[in-house]
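Notes follow once the structure below has been shown.
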Amino acid sequence: MRKYQRPNTLVIVSLLLVLAGCSKPPAPSNKILLWHWMTDCNDTFLKFAQQYKQETGVEVIVRLFAPSDSYSQMIIAAAQANVLPDIYGILNTKPIVADFIKAGLVDDLTRDMNANGGGWAEGLSDKALADKRFETGNIYGVKAGIYGVPIDVTNEEMLYNKKLLARAGITSPPSTYEEFIKDAQALNRVGITPFVSGWGELWLLDCFASNYAFNIMGEEKIFATFRGQVKYTDPDWIKVLSIFVDLRDKGVLMDGIVTKGNKYAEQDFALERAAFAFNGSWCVNVYHDMNPHLDYGVMLPPPLSTAFPLKIWGGAGSSFVVRADSPNKDKAVAFLRWLTAPAQQVLLARETNNLPSNKEALKQVLSVVSPVLGKFSRGMEESTHPTIWPVNEDPLVTEAFDKGIQAIIIGEKTPREVAQDVQTLKDRR
Amino acid sequence: MNSKIKAAAVFKDNAQNFFFVLPAFVIFCVFYIYPFLNMIFLSSHEWPGIGPMHFIGLQNYKELMGDNLWWDSMAHAGYITLIALVFQNALAFALALACDRQIRMKRFYCIVFFIPPVLSEVVVGLIWNWILNPELQNGVHIGLLNHLLYTSGWPQLVHNWLGDPKTALTTIAIVHSWKGFGWGFVMLLAGLQTIDKQLYEAARVDGAGPWRTFIHITLPLMLPVILVVMILTILGSMQVFVLILSMVNEGLVHHTDVPVIRILSSMTGTNRFGYACAEAVIFGVVLMGVSFIMKILSDRARQT
Numbered sequence: 196m197r198k199y200q201r202p203n204t205l206v207i208v209s210l211l212l213v214l215a216g217c218s219k220p221p222a223p224s225n226k227i228l229l230w231h232w233m234t235d236c237n238d239t240f241l242k243f244a245q246q247y248k249q250e251t252g253v254e255v256i257v258r259l260f261a262p263s264d265s266y267s268q269m270i271i272a273a274a275q276a277n278v279l280p281d282i283y284g285i286l287n288t289k290p291i292v293a294d295f296i297k298a299g300l301v302d303d304l305t306r307d308m309n310a311n312g313g314g315w316a317e318g319l320s321d322k323a324l325a326d327k328r329f330e331t332g333n334i335y336g337v338k339a340g341i342y343g344v345p346i347d348v349t350n351e352e353m354l355y356n357k358k359l360l361a362r363a364g365i366t367s368p369p370s371t372y373e374e375f376i377k378d379a380q381a382l383n384r385v386g387i388t389p390f391v392s393g394w395g396e397l398w399l400l401d402c403f404a405s406n407y408a409f410n411i412m413g414e415e416k417i418f419a420t421f422r423g424q425v426k427y428t429d430p431d432w433i434k435v436l437s438i439f440v441d442l443r444d445k446g447v448l449m450d451g452i453v454t455k456g457n458k459y460a461e462q463d464f465a466l467e468r469a470a471f472a473f474n475g476s477w478c479v480n481v482y483h484d485m486n487p488h489l490d491y492g493v494m495l496p497p498p499l500s501t502a503f504p505l506k507i508w509g510g511a512g513s514s515f516v517v518r519a520d521s522p523n524k525d526k527a528v529a530f531l532r533w534l535t536a537p538a539q540q541v542l543l544a545r546e547t548n549n550l551p552s553n554k555e556a557l558k559q560v561l562s563v564v565s566p567v568l569g570k571f572s573r574g575m576e577e578s579t580h581p582t583i584w585p586v587n588e589d590p591l592v593t594e595a596f597d598k599g600i601q602a603i604i605i606g607e608k609t610p611r612e613v614a615q616d617v618q619t620l621k622d623r624r
Numbered sequence: 008m009n010s011k012i013k014a015a016a017v018f019k020d021n022a023q024n025f026f027f028v029l030p031a032f033v034i035f036c037v038f039y040i041y042p043f044l045n046m047i048f049l050s051s052h053e054w055p056g057i058g059p060m061h062f063i064g065l066q067n068y069k070e071l072m073g074d075n076l077w078w079d080s081m082a083h084a085g086y087i088t089l090i091a092l093v094f095q096n097a098l099a100f101a102l103a104l105a106c107d108r109q110i111r112m113k114r115f116y117c118i119v120f121f122i123p124p125v126l127s128e129v130v131v132g133l134i135w136n137w138i139l140n141p142e143l144q145n146g147v148h149i150g151l152l153n154h155l156l157y158t159s160g161w162p163q164l165v166h167n168w169l170g171d172p173k174t175a176l177t178t179i180a181i182v183h184s185w186k187g188f189g190w191g192f193v194m195l196l197a198g199l200q201t202i203d204k205q206l207y208e209a210a211r212v213d214g215a216g217p218w219r220t221f222i223h224i225t226l227p228l229m230l231p232v233i234l235v236v237m238i239l240t241i242l243g244s245m246q247v248f249v250l251i252l253s254m255v256n257e258g259l260v261h262h263t264d265v266p267v268i269r270i271l272s273s274m275t276g277t278n279r280f281g282y283a284c285a286e287a288v289i290f291g292v293v294l295m296g297v298s299f300i301m302k303i304l305s306d307r308a309r310q311t
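In order, the protein sequences belong to chains B and E. Start counting the first sequence at 196; every next residue gets the next number (the numbering used here). Start counting the second sequence at 8; every next residue gets the next number (the numbering used here).
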């Protein structure tokens with residue numbers, strides 16, 4: 196057996212060398228590496244990189260990794276292997292962002308944002324920046340500060356097809372939930388499917404339900420539920436879940452909505468197979484590519500109650516963070532400051548039909564780009580987002596809630612049964 | 008002195024051999040053994056994927072034992088596997104038998120039958136999503152299947168195939184079988200072509216009909232190949248998930264969940280990497296157990 200000793204040692208040494216090579220920290224250079232997931236922005240980012248090199252001499256290496264699910268996992272793997280680029284995005288929940296920060300992987304940009312009288316921070320959308328901010332005494336135990344740079348802003352609202360509504364004799368979009376149901380029934384009568392959304396993707400379903408939860412019970416009661424002070428079996432939560440029974444029974448929802456991905460839902464709306472859709476502001480670009488002649492408008496989801504304002508999800512769309520131990524940290528921060536300046540933001544918005552995160556750029560864009568995008572931007576006033584809530588629900592409970600809604604839509608469970616299941620899980624956690 | 012030279016020569020010979028397999032060994036260690044051991048290590052921790060890990064011993068396994076969603080997903084994978092074993096392999100065998108004969112356009116059929124397996128699962132999912140689309144536009148069925156059923160005079164059979172818990176999993180299993188039968192077809196056809204044709208002629212001279220020839224010659228000689236095809240079908244079907252994701256996204260409630268989707272959901276949906284690793288360990292053990300049983304059966308079949 197002894198004769199194999201030397202080769203074995205060699206194997207171990209080779210392995211250690213390979214592993215050591217993997218985790219070697221990068222040296223400072225005149226290049227910065229940016230990893231992103233935004234296929235629609237890639238060409239513009241490449242143009243920006245060329246322009247930035249001409250202006251400053253700093254080379255920005257742009258690498259696209261799509262789709263976003265894969266990107267998100269790749270970032271976690273890169274963080275574990277300590278090979279993160281200088282600039283990257285964390286497409287995950289706030290607790291995970293907090294874990295990245297606590298692990299020393301994200302730079303605190305507060306000083307840069309507040310430099311020169313806070314010019315950079317003040318130029319950016321407040322809602323978008325709030326998304327990137329950790330307040331003093333936050334529940335995640337993160338040092339207060341701003342940890343990201345929003346590149347654009349987004350929100351999720353409802354869209355309506357003007358032509359299909361007119362065919363059903365509807366002259367204006369509904370302003371209340373009752374009107375919406377009446378319109379849906381009118382659409383059904385002329386053989387038009389009323390509503391589509393990508394509810395095969397649970398986050399979109401959760402977003403829709405959350406809008407009505409805010410409308411029915413207000414944010415304090417929602418947060419109290421997350422804290423365990425209010426039960427999901429509370430009548431208000433049953434009322435939220437009952438909306439889906441109503442939508443199902445009144446024939447509002449497109450067949451197969453619970454397994455439909457958002458891309459398919461976008462296709463259905465763009466090809467005029469449904470009169471209403473629930474989608475994010477990025478859809479302007481998507482619909483334009485799918486059907487440039489689509490005539491549609493934007494509206495807030497019609498409120499069910501007057502008790503509390505209906506809040507939609509919105510805030511920072513895409514954003515970047517800077518690797519805390521990057522040897523090119525200052526250059527990375529400078530590039531992000533340049534990227535969020537009005538000139539670049541206007542160009543980015545024009546090329547991609549996204550709402551810019553820079554306030555000045557937003558004003559310029561709305562006057563020249565798209566009225567639909569303008570409507571979306573007004574929705575930002577009604578927006579909120581789980582990332583800025585003081586408390587978040589356990590992801591397992593959220594999954595059970597969303598899957599429960601799917602079960603309601605396919606007629607498998609009642610709102611009470613779902614509420615009981617969710618509460619039982621919450622009690623167990 | 009002689010023995011020393013001999014020992015040195017043996018050592019040199021062994022070392023040379025070892026260095027030839029070293030690259031493969033290193034790759035295997037880095038990409039298989041290390042992740043596997045690390046997965047077992049992580050399964051005893053609570054970890055969101057980043058930041059500190061908390062050792063919790065066998066807590067994840069304990070929770071997993073009582074996780075009905077997990078065991079349901081295992082049953083779903085078993086159901087898909089069962090359909091694949093029966094439907095997919097029966098189809099593959101029948102077509103292989105047909106193509107083993109002297110028929111016209113034999114090569115064309117072989118190519119056509121091998122198209123589904125070479126397509127990506129995402130593409131297959133997209134194609135079948137269109138075929139199974141339950142929607143109507145201007146009173147016309149968009150999905151090909153429902154359109155054909157409607158126009159052929161069976162409107163009562165028009166159905167939301169992927170949106171109904173009663174049909175969703177079976178539909179997925181059939182699509183999976185459609186996609187996978189080509190592999191079995193190729194392997195079984197290759198196996199059939201190795202059978203000496205003189206055996207068939209001898210059987211015919213002895214008065215054996217096609218059925219008896221099949222039962223007493225084809226089937227016994229094909230048994231080892233059939234078992235290999237079965238092992239591959241089981242392993243492939245138990246691990247199916249891309250097709251499901253492309254057909255029903257995050258699933259029809261939990262009716263279309265399979266183990267890999269649960270593992271993915273634990274990792275990306277709820278950020279429970281430790282729990283996901285525990286699921287992966289249990290799933291790996293189940294797959295290894297099934298493979299081991301099939302290997303024993305295969306060895307026995309070869310001996311008989």
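Virtual Cβ for every residue (Gly too), placed ideally from N, Cα, C.
- Interface annotation for the region 437 to 453 of chain B against chain E: M449, D450, G451, I452, V453, criterion Cβ-Cβ distance under 9 Å.
- Using a CB distance below 8 Å, the part of the region 264 to 297 of chain B facing chain E consists of D264, S267, Q268, I271, A274, Q275, N287, T288, P290, I291, D294, F295, K297, ordered along the chain.
- Contact of I57(E) with chain B by beta-carbon distance below 8 Å involves I271, A274, Q275, I291, D294, F295, A298, L300.
- Taking C-beta separations shorter than 6 Å and ignoring five residues to either side along the sequence, the partners of Y68(E) in its chain run A285, following chain order.
- Non-local beta-carbon contacts of T331(B) in its own chain, meaning distances under 6 Å to residues more than five positions away in sequence, involve A339 in chain order.
- For T158(E), the enclosing alpha helix (DSSP H) covers residues 151 to 158.
- If you look at P172(E), you'll find it isn't in any alpha helix (DSSP H); DSSP assigns it neither H nor E.
- Taking C-beta separations shorter than 8 Å and ignoring five residues to either side along the sequence, the partners of K357(B) in its chain run D490, Y491, G492, following chain order.
- Assignment of V516(B) by DSSP, reduced to helix, strand and coil, places it in the strand class.
- The alpha-carbon of M269(B) is positioned some 10 Å away from that of V278(B).
- Taken through DSSP and simplified to helix, strand or coil, E53(E) comes out as strand.
- At least one beta carbon of chain E lies nearer than 7 Å to the beta carbon of K598(B).
- In this structure, I138(E) lies away from L155(E), with their beta-carbon atoms at least 7 Å apart.
- Annotation: P42(E) has no Cβ neighbours in chain B at a cutoff of 9 Å; minimum Cβ distance is about 11 Å.
- Beta-bridge partners of I227(B) (DSSP): V255(B).
- Distance from the CA atom of K322(B) to the CA atom of Y482(B), rounded to whole angstroms, is 26 Å.
- Taking the CA atoms as reference points, V255(B) sits about 10 Å from K242(B).
- A contact between stretches requires three or more CB pairs, one per stretch, nearer than 8 Å, and the region 412 to 431 of chain B fails this requirement with the region 377 to 392 of chain B.
- Under the three-state reduction of DSSP output, Q424(B) falls in the coil class, being neither helix nor strand.
- The C-alpha of Y247(B) lies about 7 Å from the C-alpha of V253(B).
- When rounded, the separation of the alpha-carbon atoms in L92(E) and I179(E) is 14 Å.
- What T225(E) touches in chain B, judged by beta-carbon distance under 8 Å, is nothing: the nearest beta carbon there is about 42 Å away.
- No Cβ-Cβ contact shorter than 7 Å links A103(E) with L239(E).
- Going by C-alpha positions, G512(B) is about 18 Å away from K558(B).
- If you draw a straight line from the Cα of L259(E) to the Cα of Q539(B), it comes to about 43 Å.
- Put simply, the CB of G569(B) is far from chain E, with every gap to its CB atoms at 7 Å or more.
- Contacts between I605(B) and chain E, judged by CB atoms closer than 8 Å, involve G170, D171, P172, L259, V260 in chain order.
- Secondary structure remark: continuous alpha helix (DSSP H) runs of at least 4 residues inside the region 284 to 347 of chain B, in chain order: 289 to 297, 305 to 318, 321 to 327.
- For the region 261 to 285 of chain E, residues whose beta-carbon sits nearer than 7 Å to a beta-carbon of chain B comprise H261, T275, G276, T277, N278.
- Annotation: the continuous beta strand (DSSP E) that includes F473(B) extends over 469 to 475.
- Counting only runs of at least 3 residues, the region 479 to 553 of chain B fully encloses the following beta strand (DSSP E) elements, listed from N- to C-terminal order: 491 to 494, 507 to 511, 514 to 517.
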